[in-house]
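*Asks:*
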Amino acid sequence: MLKLSVFALLLLSVVVKADYGGTYSCYSGRKECKLTNLKYESRDAVASITIHGGNGPFLDIEFTDSSFPIIPPSLFRDNDNVRSLSVKECEIEAIEAGTFENARELKFLKIQKNWLTKLFNDMFKETKLAKVNFGNNRITEIEEFSFRGCRDLDTLRLSKNRIKILPAQLFSGLTLLEDLHLDHNRIEDLEEFLFRDLANLQDLDLEHNFIGRLKQNTFSGLSNLRKLVLKDNELSSIDEQAFHPLINLVELDLEENNIQVLAPETFTRLTYLKELVLTENYIEELNDHIFEQNGMLQTLILNNNSIEVLRPTLLSRLPRLEQLSIQFNELASLEDNLFSNNHNLETLNFEGNVISRISPRAFANLRRLEILDLDDNNIASLDGGIFSDLNGLEKLFLENNLLRDLRAGSLQGLNNLRKLYLNDNLIRSVDASFFSEVPQLKSLSLEDNLIDVLPKNLFLNLGRLEELSLSDNNLIDLDDDIFRGASGSLQELYLTNNKLTTIRSTTLNLGSLEYLELAENYLEDLPRTAFENLRRLDSLDLDDNKFSNIPEAIRGLHNLKELEIAGNRITRLDTQLLNSLQNLKELDLSDNRLTDIPNDAFMNLRNLKELYLDENRIRKVSDNSFMQNRNMKKLDLSKNKIDELNQKMFSGLYNLEELDLSDNPIQHVNDYVFRDLSRLESLSLRNSTLSHIPRSSFLGLSALEKLDLDANLLKELNDGMFRGLENIEDLYVNNNPLTDVHPSTFHQMGNLQVLSIGPNDLTNFEKDLFQYSLRLEELYISGVEFSSLPRGIFRPTRKLEVLSINNNKKLTAVDKEWFKDLPNLRVLNLVNNSIANFQAGVFDDIDDMENLFLSDNAVQSLDVKLFSKLLRLEALELAGMSLSKLPVGIFDNLVDLELLDLSRNQLNALDDRIFHNLFSLEEISLSSNGIASLSAALFYGLRNLDEVDLSKNKLISMDPSLFRDCPNLRSLNLSGNRFATFDLPKMSFAKTLEDLDVSQNMLTSIYITEELYSMIADDNQISSVTVDASPAYNLELLSLSNNRISDISPIARLTNLESLNISRNDLQHFELGRLINALDELEALNISHCKVSSIDAQGLTTHESMMELDISNNELAMLDFDMIKNFPDVETVVLGGNRFNNLDFDRLLDTLKDIELVGLQGTEWDCTSLDRAANIFEDNNVGFWRNGATESCPGGSVSGICCK
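Numbering (our numbering), first residue to last: 248 to 1451.
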């Protein structure tokens, strides 16, 4: 017999695999016994275990991370002093009768994260249990008197099981119970009077079940309940008296249900209610008297409903209300005296509505209001003194509205305002005295607007301002005195993505400034004195400008700790200048034009911790370049041209933790090159040209946890090449031409958790390959050449959670035996093999599976019970098979399924009942089948359905009621069908649909509703576009390519449009000015292939939002630079395929200073001119845009563009 003291077990992991018992003894007087990593495979073996707990007054026993099917019968038989028992992650399958017969002192029981399936009558009859936790098991059945005799029980947790039914007498006699947790189960109904004996219950959690209705006496007996959580159920019916017994309820959470209507009497008896959450339901209107008796209410959350009107009477009886949130509803206005009796309001949130009008007295008397959120609305004006009573307001959010001009007096009354956010509006001008009413302001954001000039005294009154963001505007210059008012207080200043060409020292007279961001401007150089007044500057960002050298202006920044100057044109390092920054901790020089690193480059930067040199042209790093950087923790040299790692390249980097050498043409690693890197945790040599790794290469890397060798030329893996890597956790060897992996390769890697291997030429794995991989959690085997795996190969890897065996074309079958040793598997990927059949029961042993991917196998049929055990499945992909029929009932047990992919099969017809139990389904794809019609009942009950893909089928029409029971439907793809008409307003989902794709049909007209955010209707025969009669439209993307449109006037009404593609239509004379001036938000416009011979730019004003412009393949005789200059922020312009073959490329770049890509395909340019253009583009970091098509160029080409 094996005899070990528990004290010894605390020091060692003891694995007992054989079927024999053991004796475990606690030292006398010890109160805690902790046993871990015990393995017993049979019940008989467990029955032979002996545990001696000692002679103390009580004993606390804990089993963790072990494997045995039952609780040892001797535990309580031989120890009558056990007070607490915890069994966690031990694969307990059952509790045998009599287990707790002698557990007379047991008070605390936790059997968590095991495999229990059933609780039976009288399990605990003779115990003194006070707290019981059976959370995270597999319990499907609880007998009626399982807890009979547990008179002292005060806490019961049954969370995260598979319970469907709660017997009527289950809680009988539990009169002292205070906390009951039944969340994350499959409960569909609650018997009336189920809780009648629980008079002391205070907390009841029923979150994430499938409860559809609450009856009159559901909660009878719960007179002392204080908190009730019903979040994430299917509630659509609540009896008006259901909550009446809950007379002491304080918190009620009804979030994420299907509630549409609440009776006026629903909350009448809840006079002590303080918090009510009704988020994510389908409420359109609340009765004015519904809260009449809830005078104690402090928090009311109504987010994500469909409420259109808020009336004063609704809130008039809530004098203690402190927080009201009505985010993402349909409110269009806020009327006067809305909160006349809510004087205690502190937080008010209206984000994500469609508010365009706020009456002057809407916020009257809210003097205690501290936070007001009006983000994401349609507010165009702040006039009228709407904030005049809000003298206690501290935070005001007005992001993403339609504000254009900020006029003086708008902020009257906000004399205590601390934070103001005006991001993402259309602001062009700001009155000089706009901020005069808010002298206490500490944080101000005007980011992402259209401001080009700031009045000289704009911030004069903001003497306490600490943070100011002016990024993403059109500022060309800054007045010398612009920040004078905040010169002593400003700590953070953001000026990224403007059009600044210089910075003067008089402008930045900011002695308190610690953070300065000047990225994405047009800075080429700076005056030496630009930063001379920034004595406390800690961080400076100069990324993505046009510096060819590190500016001399940084020399005096002795306190600087972070310098970012990536994305410039720096070719050499001024070592003297850099070494003057002795406090620097982070330096980013990535994406420049450096070719070498001198050995004195960073000599004095002894505090440097992070250095980024990636995306340069570095061929050589001098020996001992980092010798003095002993505090360095991260070094990135990826994406350079380094071909060899020299022995002294990393000398001195004793504290380095992360080294990235990926994407270099490294052919050879010298011995001991990493010898100083004893603390290195992550090393990437991805995408190099290594064909061999010497045995001593990684010696000394004892702390290494992650090694990436993907995309090299390695043909063999063996234990010698990984010598010294005992602590490795993540190993990646994908995309190598491997032909052999030695059986002992991973044996020394006892801490390996993630292994990814393939594609390669391996034909088999040895059975013992993972013999010592006891901690492996993720295994990816892709694109290998084996036809099977040896049985037992996964037996040591019981912790495995992710297994991917994909893209293996010789794999024709799956062996059930592979999975029987993987109880913790959550993700299984078997995509793109050659499996012809999945046998019934093949997945039964991995019933905690959450994601199963089986697509692209040669399967023609599925057994009806194939998924019957996978009750926790959330994602199932069955695409690209040869399925012609689905057996009814195959998905019936998958009530947690959220994603189902059945695309690319041969499903001509679907039975009405096939999806009827998929209550949690959010996304389904039926694309590329042969479906000609759909029954109106097919999606009935799928109330969480959000995204449906029916593309590439044979549908000619759709029943308007098809999705009538899917109130969450947001996205529908009907492209590639045979619709001749599609009347969106008549569809049951018209009010919820946000994204619609009807491209590649036979439509002649389309209707755009105000709710749509995206409409794609390419490749039809559309000549007519009808737009809803609405004052506001949500549409952001409209694509109508390859139709018959000649009139674009309806499109001009879509004022929120960001992307418009009307290419391949008949628009010979294009009224650009009229269209663009109406669409302030437009970022991308494509009018290519439209036979346009002239562009009418009359009245066109500057349009800073435009980022992409495609006018290619038309009949334009010349490029109108006067038109182009109105789009100064364009990053991509496509011009080829017109009649002009001469272009002033210098003028183009001078006009469009932010240009990144130029499209010239389709025109035969002059080769000399084009070659010159290519050089100009390269000097300015501009590339050629290509459409993917390969051009034949008989006359020659430059950079793939035809020329002559």
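Where a beta carbon is used, it is the ideal one built from N, C-alpha and C, also for glycine.
1) First and last residue of the beta strand (DSSP E) that includes S272?
2) Bridge partners of L1382, per DSSP?
3) So, under 8 Å CB-CB, N983 and L960 are touching, yes? Tell me the CB distance rounded to an integer number of Å.
4) Could you give the first and the last residue of the continuous beta strand (DSSP E) run that contains M1262?
5) Out of D1095, E1328, I1309, which one is the CA nearest neighbour of H1336?
6) Is the distance from the Cβ of S603 to the Cβ of L645 below 9 Å?
7) Taking the alpha helix (DSSP H) that N1324 falls in, what are its first and last residues?
8) Measure from the C-beta of L712 to each C-beta in chain B and report whether the shortest distance is under 9 Å.
9) Which of helix, strand or coil does DSSP assign to K250?
10) Using 9 Å as the threshold, is the C-beta distance between L1407 and G1383 below it?
11) In the DSSP assignment, find the unbroken beta strand (DSSP E) run with R330 in it and report its ends.
12) Let's test the definition: count the other Cβ atoms within 10 Å of the Cβ of I975 and tell me whether it reaches 16, buried, or not, exposed.
13) For N596, which of helix, strand or coil comes out of DSSP?
14) For T748, does the three-state DSSP call read helix, strand or coil?
15) Of the choices S333, R351, L1356, V334, whose alpha-carbon is the least far from that of N326?
16) For E694, which residues of its own chain have a beta-carbon under 6 Å away from its beta-carbon, when the five flanking residues on both sides are left out?
17) Under 9 Å, do P941 and N981 count as touching if we go by C-beta distance?
18) In this structure, how does DSSP classify I298 when only helix, strand and coil are distinguished?
19) What are the complete beta strand (DSSP E) segments, minimum 3 residues, inside the segment 1027-1072?
20) Can you tell which of L482, C280, F371, W1432 has its C-alpha closest to the C-alpha of R1190?
21) Start and end of the alpha helix (DSSP H) containing T1415?
22) Identify whether S1167 lies in helix, strand or coil by the three-state DSSP scheme.
23) Measuring straight from C-alpha to C-alpha, what distance separates D838 and L884?
24) Find out if the Cβ-Cβ distance for the pair L1109, I1082 is shorter than 9 Å.
25) So for Q823, helix, strand or coil by DSSP?
26) Give the straight-line distance between the Cα atoms of G632 and L475, rounded to the nearest whole angstrom.
27) A777: buried (16+ other C-beta within 10 angstroms of its C-beta) or exposed?
28) Would you list, in sequence order, the uninterrupted alpha helix (DSSP H) runs of no fewer than 4 residues that lie entirely inside the segment 782-868?
29) Only counting runs of 3 or more residues, tell me where the beta strand (DSSP E) segments fall wholly within the segment 612-665, in order along the chain.
30) Between which two residues does the alpha helix (DSSP H) holding D399 run?
31) Alpha carbon to alpha carbon, how far is P1297 from N624?
32) By DSSP, does L1282 sit in helix, in strand, or in coil?
33) Of the residues L585, R615, E498, L581, which one's Cα is nearest the Cα of L621?
34) Do F323 and L285 have their CB atoms nearer than 9 Å?
35) If you reduce the DSSP assignment to three classes, tell me which class L561 lands in.
36) Alpha carbon to alpha carbon, how far is E799 from T822?
*Replies:* On the basis of the coordinates in this document:
1) 269-272
2) Bridge partners of L1382: none, in fact.
3) 7 Å
4) 1261-1263
5) I1309
6) no
7) 1319-1325
8) Structure shown: chain B not included; a single protein chain is present.
9) The pLDDT assigned to K250 is 36, lower than 50, so where the model puts this residue is not dependable; a value taken from the coordinates is nonetheless given after this. Looking at K250 - three-state DSSP - the assignment turns out to be strand.
10) yes
11) 329-335
12) buried
13) strand
14) coil
15) R351
16) N670, S716, S718, D719
17) no
18) strand
19) 1049-1053
20) L482
21) 1414-1426
22) coil
23) 11 Å
24) no
25) helix
26) 42 Å
27) buried
28) 822-825
29) 618-620, 642-644
30) Neither: D399 is in no alpha helix (DSSP H) and is coded neither H nor E.
31) 23 Å
32) coil
33) L581
34) no
35) helix
36) 12 Å
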